[in-house]
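If you read the sequences in order, they're chains W and G. Numbered according to our numbering, the first sequence spans residues 1 to 112. Numbered according to our numbering, the second sequence spans residues 1 to 112. Following: one structure in structure tokens, then a few remarks.
Protein chains: 2
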Amino acid sequence: MTQSNPPFMSGVPELLLLRLLDQSEMYGYELVRSIRAATGEAISLGEGVIYPVLHSLERSGSLKSKRMAVSGRTRVYYSLTGKGRQRLGKLQDDWRRIQGGIANALEVPSHA
Amino acid sequence: MTQSNPPFMSGVPELLLLRLLDQSEMYGYELVRSIRAATGEAISLGEGVIYPVLHSLERSGSLKSKRMAVSGRTRVYYSLTGKGRQRLGKLQDDWRRIQGGIANALEVPSHA
DNA sequence: GACGATACCTCGAACAACAAGGTATGTCAA
DNA sequence: TTGACATACCTTGTTGTTCGAGGTATCGTC
Numbered sequence: 001m002t003q004s005n006p007p008f009m010s011g012v013p014e015l016l017l018l019r020l021l022d023q024s025e026m027y028g029y030e031l032v033r034s035i036r037a038a039t040g041e042a043i044s045l046g047e048g049v050i051y052p053v054l055h056s057l058e059r060s061g062s063l064k065s066k067r068m069a070v071s072g073r074t075r076v077y078y079s080l081t082g083k084g085r086q087r088l089g090k091l092q093d094d095w096r097r098i099q100g101g102i103a104n105a106l107e108v109p110s111h112a
Numbered sequence: 001m002t003q004s005n006p007p008f009m010s011g012v013p014e015l016l017l018l019r020l021l022d023q024s025e026m027y028g029y030e031l032v033r034s035i036r037a038a039t040g041e042a043i044s045l046g047e048g049v050i051y052p053v054l055h056s057l058e059r060s061g062s063l064k065s066k067r068m069a070v071s072g073r074t075r076v077y078y079s080l081t082g083k084g085r086q087r088l089g090k091l092q093d094d095w096r097r098i099q100g101g102i103a104n105a106l107e108v109p110s111h112a
């Protein structure tokens, strides 16, 4: 009976994925490297993070996928749905809110 | 065997606590409300988060505590040690890094 | 003498993020 | 041709943070 809320800082991988996919269609393996690049190496998420999030995002209707064979290998390309764009908006707002809150707490002058 | 790193976004409660305690000595119950206030209501951490973090911070030598009786009730006041100030510096840098990385990823123009 | 605020604390569950592995194909060089 | 490395997909088990809910005790006040 312990109806717990998600941790207040979670969902950043989700946010990054949605954001990148809002710019262009991509496949999982590509996204792993894109996240590293887009964040200036600050954030590096492995396949063990990316694939499950991608799947859950698709299951919840935020993403749609299409498989494509490219030079013998199969790629699964993901793109945003309307719901996904909505979700992206929400996560962006959430992020701005908590980011702002922390900035607020940090910018108060030191004890000096 | 699976020597896992801490989640890349963790340690924000720790950061907030150290930051507030760098400004002034405080006790746990007070910190719960201070965090809400300092972040402009954006972040609200319960006692179930605060106390354990406080204890682990003390165990690791970042904080020191002193108990004080104030009008019949016991308060445990925490303050930073040198090590704690060092720790605060590190966490602040980490935060700026990941915050900047995300900002970078988000500010790229929309697919439009 | 019951209620709400203060003040401390711990427990168990939930869950995100993690490393490590496993499958299979392509390329290139030894 | 075989071995190594990159591409490309995936799942599993573990960890560790965070969470709500509870539990204790004192104080004021109604």
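Even glycine gets a Cβ: it sits at the ideal position worked out from N, Cα and C.
- Against chain W, the CB of G:LEU16 has a partner CB under 7 Å away; the residue lies at that interface.
- The residue from G:PRO7, G:ILE35, G:GLY40 with its alpha-carbon nearest to that of W:ARG96 is G:GLY40.
- Chain W has a Cβ within less than 7 Å of the Cβ of G:THR39.
- For W:ARG19, the nearest beta carbon of chain G is closer than 7 Å to its own beta carbon.
- With a threshold of 16 other beta carbon atoms within 10 Å, W:ALA42 meets it and is buried.
- Taking each of G:PRO6, G:SER24, G:PHE8, G:MET9 in turn and checking the Cα distance to G:ARG85, the smallest one comes out for G:SER24.
- In the three-state DSSP reduction, G:SER34 falls in the helix class (H, G or I).
- Rounded to whole angstroms, W:ARG19 and G:ALA105 show a C-alpha spacing of 8 Å.
- For the segment 48 to 80 of chain G, the set of residues with a beta-carbon nearer than 9 Å to any beta-carbon of chain W comprises LEU80, in chain order.
- In the DSSP annotation of this structure, the continuous segment of the alpha helix (DSSP H) that includes W:VAL49 starts and ends at 47 to 59.
- In the DSSP assignment, W:VAL76 falls within the beta strand (DSSP E) that extends over 73 to 80.
- One finds ALA38, THR39, GLY40 in chain G with Cβ atoms closer than 7 Å to the Cβ of W:ASN104, taken in chain order.
- Between the C-alpha atoms of W:LEU17 and G:MET26 there is a straight-line separation of about 40 Å.
- Among the CB atoms of chain W, none fall inside 7 Å of the CB of G:GLY11.
- The straight-line gap separating the alpha-carbon atoms of W:PRO7 and G:PRO7 is approximately 12 Å.
- For the segment 79 to 101 of chain G, residues whose beta-carbon sits nearer than 8 Å to a beta-carbon of chain W comprise GLN92, TRP95, ARG97, ILE98, GLN99, GLY100, GLY101.
- Between W:LEU91 and W:ASP22, the C-beta spacing is not below 7 Å.
- For G:VAL32, none of the residues of chain W pass the 7 Å Cβ criterion, the least Cβ distance being about 14 Å.
- Across the structure, G:SER71 and G:ILE50 are spaced so that their CA atoms are roughly 23 Å apart.
- In summary, G:GLY82 is exposed, with fewer than 16 beta-carbon neighbours lying within 10 Å of its beta-carbon over all protein chains present.
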